[in-house]
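First comes the structure, then the notes that go with it.
There are 2 protein chains.
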Amino acid sequence: MTPRTASGTSAVRLAAETWESLFRAQVAVMRRLQSGPAFRDLAVNEYDVLFTLSRCPSGWLRLNELNDNVLLSQSSLSRLVDRLEKRGLVERQPAPNDGRGVLLKLTEEGAALQKEIGREHVRDIAELVAPALTAAEQRELLRLTEKLRASLPSR
Amino acid sequence: MTPRTASGTSAVRLAAETWESLFRAQVAVMRRLQSGPAFRDLAVNEYDVLFTLSRCPSGWLRLNELNDNVLLSQSSLSRLVDRLEKRGLVERQPAPNDGRGVLLKLTEEGAALQKEIGREHVRDIAELVAPALTAAEQRELLRLTEKLRASLPSR
DNA sequence: CCGATTTACATGCATTTGCATGTACTGCAC
DNA sequence: GTGCAGTACATGCAAATGCATGTAAATCGG
Chain Z
843 MTPRTASGTS AVRLAAETWE SLFRAQVAVM RRLQSGPAFR DLAVNEYDVL FTLSRCPSGW
903 LRLNELNDNV LLSQSSLSRL VDRLEKRGLV ERQPAPNDGR GVLLKLTEEG AALQKEIGRE
963 HVRDIAELVA PALTAAEQRE LLRLTEKLRA SLPSR
Chain V
843 MTPRTASGTS AVRLAAETWE SLFRAQVAVM RRLQSGPAFR DLAVNEYDVL FTLSRCPSGW
903 LRLNELNDNV LLSQSSLSRL VDRLEKRGLV ERQPAPNDGR GVLLKLTEEG AALQKEIGRE
963 HVRDIAELVA PALTAAEQRE LLRLTEKLRA SLPSR
């Protein structure tokens, strides 16, 4: 009854092994990245918030939208943003059309720090990924992970 | 001077975008997995330790080897294992040939809990991954992530 | 064999995190 | 409009985490 592939592996098992491998690769790469000097005075999650804000076309982003990108609870993100605000890296503003919402934006100092760390970070990534996979393989990995993410149920 | 691909993207940038996509996919999948009912009484990191032990052929695993698999500092893993031991899920033993080392093993109760959670977990994974990618795509994603992980510098 | 360095793990302590809850606002039913 | 459920964010508090450091054992250089 259970459908099996040519290699005798069930579909469920293939999915589990695929996720396991993706997860382990992420752990292994992340471990090496976060121990590097790029993150000496900013945690990876904190950098990630600055990075996401730097990519935002309007410059302003809602806190709840930010939360989708980060593996943090809503309350933890709220306090992480507190810290960034106290360090003068981001700015809060009440949302215009929603009295409950909060908009976030990089300060000039925040944007500068993001760029500085970002340069190092990108270099570190390339040093890990480029020797491991050919350009074609990287493009395929990019395509597959993007497709996976896009296909997930909204929540 | 900077080498560019046909699409005008530098090798460094391709590597960075590939990692970014892999990372976001991991965050998105993990967010959905850990909010599910499978992890109602065991954190994901804690389950991960039980899972890794369950895969170990000899049954016993060194603490430092375990640490390579998990995105946790050495001290945090030490205390995580404390908690698992207090709950009767794992057992510590001094390493035979190295007086500094500690060997870990699942208790019967730990093995049973791992299997129980594992069943739910695998089902959750399949529900997310299988509809998103074809079997061939999953195999390719598995291959690429495995190659990436295997190609990383030891540390 | 002896001292110096390194490795494996544990622990004190400050910081970060998540859960539960609180507050304020929105939107919907009527 | 009024009441009521739902959403967005903040906060109290207990638990988890990381850094720095401690302890003990292994390894290395002489």
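Protein chains in written order, with my numbering: chain Z, 843 to 997; chain V, 843 to 997.
Just so you know, even glycine gets a beta-carbon here, dropped at the ideal spot from N, CA and C.
Query	Result
Just verifying my parser: in three-state terms, what is the DSSP assignment at R882/Z?	coil
State the beta-bridge partners of R934/V as determined by DSSP.	L946/V
Go ahead and label E958/V buried or exposed: buried means 16 or more other beta carbons lie within 10 angstroms of its beta carbon, across all protein chains shown.	exposed
Helix, strand or coil: which one does DSSP assign to L975/V?	coil
Kindly indicate the opening and closing residues of the alpha helix (DSSP H) around S996/Z.	Here S996/Z belongs to no alpha helix (DSSP H), and DSSP marks it neither H nor E.
Should the stretch 855-868 of chain Z be called in touch with the stretch 970-983 of chain V, which here means at least 3 C-beta pairs below 8 angstroms?	yes
Check whether the stretch 896-910 of chain Z and the stretch 865-880 of chain Z touch, using three or more Cβ-Cβ pairs below 8 angstroms as the test.	no
Hey, how far is the Cα of N887/Z from the Cα of E907/Z?	15 angstroms
How about S863/Z and L984/V: do their beta carbons lie closer than 7 angstroms?	yes
Taking only beta carbons into account, state which residues of the stretch 855-869 of chain V come closer than 9 angstroms to chain Z, listed in chain order.	R855, L856, A857, A858, E859, T860, W861, E862, S863, L864, F865, R866, A867, Q868 and V869
Going by other Cβ atoms of all chains shown within 10 Å of its Cβ, with 16 needed for buried, is D883/V buried or exposed?	exposed
How many Å lie between R991/Z and S877/V at the Cα?	17 angstroms
Would you please state the rounded distance, in angstroms, between the beta carbons of L931/V and L892/V? I believe it to be under 8 angstroms.	6 angstroms
What residue does the alpha helix (DSSP H) around S863/Z start on, and which one ends it?	A853 to Q876
Determine whether the Cβ of R882/V lies closer than 7 angstroms to any Cβ atom of chain Z.	no
Measure from the alpha carbon of L875/V to the alpha carbon of each residue in V964/V, Q916/V and T860/V, then state which is nearest.	V964/V
Please give me, in chain order, every unbroken run of the alpha helix (DSSP H) with length at least 4 that falls completely inside the stretch 884-918 of chain Z.	886-897 and 905-911
Given a cut-off of 7 angstroms, decide if L919/Z and Q935/Z are closer than it, judged by their beta-carbon atoms.	no
Does DSSP classify G941/V as helix, strand or coil?	coil
Using only CA atoms, which one of P938/V, G941/V, L948/V and A937/V lies nearest to V923/V?	L948/V
Against chain Z, with Cβ distances strictly below 7 angstroms, would E962/V count as a contact?	no
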